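Heads up, the sequence shown is in this note's numbering, so the first residue is 2 and it goes up one at a time.
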Amino acid sequence: MRLCVCVFLFAILPFQTLADLCIGKNLSVWVSYGKNITNSAGEVPTLYVKVDVDNDIRKTETEHTENPSWWQKFDFGFVGVDVMTINLFEVTMLETKLLVSCPEMLATEGRDIKHVVCRVGESGIVYAFFRCTEM
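Structure (structure tokens):
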């Protein structure tokens, strides 16, 4: 009996994982806000986020604060990959610099909305979330 239950679980678990992936579904990503994001010069940073899903890149508005509030939604439509990347950039007078790049697996893990936390330096955070829906 135990062997039968174990075999059943191992047969079902891979299918559950595949069902949770966003591949073949519509993807919506919300970049919500950042918190405690500082730069090395000790100045108030000017920041924006780019979300990359299979080289389809969307950019938020630029915010001049340590605690940006973007609250922007991006609809990517049909998704053919299982990873997106959240990239945080800082704009200065001389350059635009990538501060952090956070790859995120596009799997909902059985939830309607999946939260994403992208760590920046020692105490900075960028928050986002995504949702996959059937076509």
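Ideal placement from N, C-alpha and C gives every residue a C-beta, glycine not left out.
On a predicted model such as this, the values are computed, not experimentally measured, just so you know.
| Asked | Found |
| --- | --- |
| Taking all protein chains shown into account, decide if T66 is buried (16 or more other Cβ within 10 angstroms of its Cβ) or exposed. | exposed |
| Quick one: give me the first and last residue of the beta strand (DSSP E) that P69 is part of. | No beta strand (DSSP E) holds P69; DSSP gives it neither H nor E. |
| With C-beta atoms as the reference, is V32 less than 9 angstroms away from F90? | no |
| Here's the rule I'm using: 16 or more other beta-carbon atoms within 10 Å means buried, otherwise exposed. How should L95 be labelled? | exposed |
| For T134, report the span of its beta strand (DSSP E) as first-last. | 125–134 |
| Would S124 count as contacting chain C if we go by Cβ distances under 9 angstroms? | The chain labelled as chain C is not found in the depicted structure, where only one protein chain is given. |
| The beta strand (DSSP E) with G43 in it runs from where to where? | First-last for G43: undefined, no H or E at that position. |
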